[in-house]
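Heads up: the structure comes next, in structure tokens.
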Amino acid sequence: MSGAALGLLVAAGAGERLGVGVAKAFVEVAGQPLLAHAARALASAERIDALVVVVAGEDVERAGKALAEAGVQVRAVVQGGVERHESVARGLEALGADDSVVAVHDAARPLATSALVSRTVGALVDPWAAVAPALPVVDTLKLADDAGRVIRTVDRRGVWAVQTPQVFPVDVLRSAHARIDARGLTDDLALVERAGGRVRLVEGEHTNVKVTYPDDLELVAALLAARAGGQR
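Taking the numbering used here, the leading residue of the sequence shown gets 216, the next gets one more, and so forth.
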């Protein structure tokens, strides 16, 4: 397996649950858009050779400008699709013949460290078809109906919350996208699982939070301020 990978940053989501009236990737925290923070995390990792960014069609030029202003070099900024799996598939089209490994990361996770990225890429060895960081679920889990009535308590033993970046051999991920119906799936690991690939989890980072709601922006801002101040 190659010692390095191409980073594929998915940033085409609308971010409707944030309720800020702008695409999530362009919401600013600490003076820069989430897109720039996430792209820098990928680009600064030793095991990432180059970066391809996928955004909504109307944001291609805007994204290129934002990344240039942030000092992040990219191979290409390409137009994504309506759903996440379509955006990933279009990003894969921008990969070259020499690209053997791809690390798919979400712009909604702007705080992944370069160490996490490199560690995840390095864990992609035979016989694994995919690797992703994850954390064991620590909250009590309840299964409930639409009215909020609890049906049962879910055993959390062995349950993990998966993060990005998710790392794959390029040919494995391309094949999974070509063969498997991705509708309803929330990440690329699920595609590879359905295609019969063996998936490995490695330890994630508690600070690798996903921005979904307005309160998440406050948390990201606080963590960025702490890092700027030399704290961890």
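Backbone N, C-alpha and C define an ideal beta-carbon position, used for all residues, glycine too.
- With respect to Asp-274, Ala-323 sits apart: the two C-beta atoms are not nearer than 9 Å.
- With fewer than 16 other Cβ atoms inside 10 Å of its own Cβ, Val-297 counts as exposed.
- Comparing alpha-carbon positions, the option among Arg-367, Pro-348, Ala-349 and Pro-351 lying closest to Lys-357 turns out to be Arg-367.
- Per DSSP, the beta-bridge partners of Asp-321 are Val-225.
- By the Cβ neighbour-count rule, Gly-222 is buried, with 16 or more other Cβ atoms within 10 Å of its own.
- By the C-beta criterion, the stretch 313-332 is judged not to be in contact with the stretch 289-296, since fewer than 3 inter-stretch pairs fall below 8 Å.
- Taking His-252 as the centre and dropping the five residues before and after it, the same chain places the C-beta of Pro-325 closer than 6 Å to its C-beta, in chain order.
- Burial is judged here by how many other beta carbons sit within 10 angstroms of a residue's own beta carbon; Thr-379 has at least 16 and is buried.
- Cβ atoms of Ala-227 and Val-270 come within 8 Å of each other, at about 5 Å.
- By alpha-carbon distance to Pro-351, the top candidate from Thr-401, Pro-342, His-421 and Gly-295 is His-421.
- Considering only Phe-383, Thr-427, Asn-423 and Val-426, the residue with the shortest C-alpha distance to Val-407 is Phe-383.
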